[in-house]
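Q: Those protein sequence lines, which keep their order, are chains G and P.
Its first residue numbered 140, the first sequence is counted upward by one per residue in this note's numbering.
Its first residue numbered 71, the second sequence is counted upward by one per residue in this note's numbering.
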Amino acid sequence: MTKKVAYCAMLTALAMIFGYVEALIPFGFGIPGIKLGIANIVIVLALYMFPAYQVFMIQLARIVLVSFLFGNMSMMIYSLAGGILSFLVMLLLKKTKEFSVTGVSIAGGVSHNIGQLAVAVLVVQNIRIAFYLPVLMASGLLTGCLIGMLANKIKPVLGSVENEKGKV
Amino acid sequence: MRFFPIKSMSHRKIFRRKDCMLIGAVLLLTILTALAAAFFQKDAGQTVRILTDGKLYGEYSLTDDRVIVIEGQHGYNKIVIENGTAYVEDADCPDKYCMKYKPISRGNETIVCLPHRLVVEITGKADTRQPDIVS
Chain G
140 MTKKVAYCAM LTALAMIFGY VEALIPFGFG IPGIKLGIAN IVIVLALYMF PAYQVFMIQL
200 ARIVLVSFLF GNMSMMIYSL AGGILSFLVM LLLKKTKEFS VTGVSIAGGV SHNIGQLAVA
260 VLVVQNIRIA FYLPVLMASG LLTGCLIGML ANKIKPVLGS VENEKGKV
Chain P
71 MRFFPIKSMS HRKIFRRKDC MLIGAVLLLT ILTALAAAFF QKDAGQTVRI LTDGKLYGEY
131 SLTDDRVIVI EGQHGYNKIV IENGTAYVED ADCPDKYCMK YKPISRGNET IVCLPHRLVV
191 EITGKADTRQ PDIVS
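1) Taking 9 Å as the cut-off, decide whether the C-beta atoms of Gln-198 (chain G) and Ile-182 (chain G) are in contact.
2) Given a threshold of 16 other Cβ atoms within 10 Å of its Cβ, counted over all protein chains shown, does Thr-141 (chain G) qualify as buried or as exposed?
3) Under the three-state reduction of DSSP, which class applies to Asn-211 (chain G): helix, strand or coil?
4) Hey, would you say Tyr-127 (chain P) sits closer than 9 Å to Leu-121 (chain P), going by beta carbons?
5) Entirely within the stretch 205-292 of chain G and at least 4 residues each: give me those alpha helix (DSSP H) ranges in chain order.
6) Is the shortest distance between the beta-carbon of Val-203 (chain G) and the beta-carbons of chain P less than 9 Å?
7) Starting from the C-beta of Thr-241 (chain G), find all residues in its chain whose C-beta is less than 7 Å away, skip the five residues before and the five after it, and write them out in chain order.
8) Taking 9 Å as the CB-CB cut-off, is Thr-282 (chain G) touching chain P?
9) Give the interface partners of Ile-268 (chain G) over in chain P, defined as CB-CB distance under 8 Å, in chain order.
10) Just by C-beta distance, which residues in the stretch 194-222 of chain G are closer than 8 Å to chain P?
11) Starting from Tyr-127 (chain P) and walking both ways along the beta strand (DSSP E), at which residues does that stretch end?
12) Just verifying my parser: in three-state terms, what is the DSSP assignment at Arg-176 (chain P)?
13) With H, G and I counted as helix, E and B as strand and the rest as coil, what does DSSP make of Asn-147 (chain P)?
14) In chain G, what lies closer than 7 Å to Leu-121 (chain P) by C-beta?
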């Protein structure tokens with residue numbers, strides 16, 4: 140139990156730091172919403188290390204904490220929409236065992252952007268925003284791919300930690 | 071060696087067959103939605119429509135340079151219409167994302183300020199607020 144809490148706390152902190160580092164990198168093409176999603180690397184890898192509910196809690200804690208510390212209520216709603224949708228899609232794809240980490244990460248990146256856009260359309264009640272869909276899908280694909288390839292390199296090392304210490 | 075076990079290559083593969091299918095599907099969906107967007111997107115718009123909370127705030131001609139300051143219940147946005155383009159110059163929203171959009175000028179392009187529930191969009195319709203010219 141203690142070990143579980145420690146692991147969760149560590150990964151939440153790591154995801155928050157990644158989110159902060161990402162905010163320092165200027166990355167955009169005149170369309171807000173395009174971002175690298177470095178924090179997602181933690182969630183993707185956690186999916187392969189911990190049970191699903193635990194990963195879900197890490198994701199929730201990360202979003203709520205980051206929103207309270209650096210953001211605001213509206214930011215929390217969009218992050219939650221993207222975060223929860225991408226978590227569910229990634230979990231589903233991982234369960235099929237047909238996809239590599241890269242595939243799971245790509246699905247996460249794309250679904251995160253779709254989730255945020257859907258909430259944005261609902262909040263401002265304007266369907267025209269959906270015109271950003273192709274750009275956001277393409278960016279989700281690209282960044283998801285990058286993050287997935289990175290996670291693919293890290294995963295074998297982390298897997299051995301789990302073997303060493305037993306199931307956490 | 072236990073910390074860095076050598077795993078079989080199938081586990082280390084960056085892309086598996088289903089991954090490529092997923093990438094293909096996303097690419098196809100992107101192209102289809104992009105085509106749909108291009109189909110509805112007019113070459114040049116004429117009118118700037120500003121909506122707050124989903125309701126029309128005002129319509130302005132894209133050809134007349136002007137500055138529109140909105141003091142809504144959510145906050146303040148300063149929208150500039152200049153050289154046939156519109157952009158948000160200043161705002162007091164927490165994320166300032168609306169100020170990061172590139173200036174819009176084509177039909178159906180939008181700028182969104184989510185915290186203020188504000189949308190600036192371009193439509194092809196002629197300016198309805200322009201006075202009738204009677205000779």
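Where a beta carbon is used, it is the ideal one built from N, C-alpha and C, also for glycine.
Keep in mind that this is a model prediction, so the values were computed, not measured.
A: The short version:
1) Yes, these two residues count as a Cβ contact at 9 Å.
2) The Cβ neighbour count for Thr-141 (chain G), taken over all protein chains shown within 10 Å, is under 16; the residue is labelled exposed.
3) Reduced to three states, the DSSP call for Asn-211 (chain G) is coil.
4) Yes, they are a contact pair.
5) With a minimum length of 4 residues, the continuous alpha helix (DSSP H) runs that stay inside the stretch 205-292 of chain G are 212-235 and 240-263.
6) It does not: the Cβ of Val-203 (chain G) has no partner Cβ on chain P nearer than 9 Å.
7) If you ignore the 5 residues before and after Thr-241 (chain G), its C-beta comes within less than 7 Å of the C-beta of Cys-284, Gly-287, Met-288 and Asn-291, all in its own chain and listed in chain order.
8) The C-beta of Thr-282 (chain G) comes no closer than 9 Å to any C-beta of chain P.
9) Result: Thr-180, Val-182 and Val-189.
10) Listed in sequence order: Gly-210, Asn-211, Ser-213, Met-214 and Tyr-217.
11) That run of the beta strand (DSSP E) goes 125-131.
12) The three-state reading of DSSP puts Arg-176 (chain P) in coil, since its state is none of H, G, I, E or B.
13) Asn-147 (chain P): strand per DSSP, three-state reduction.
14) Here the neighbours are Asn-265.
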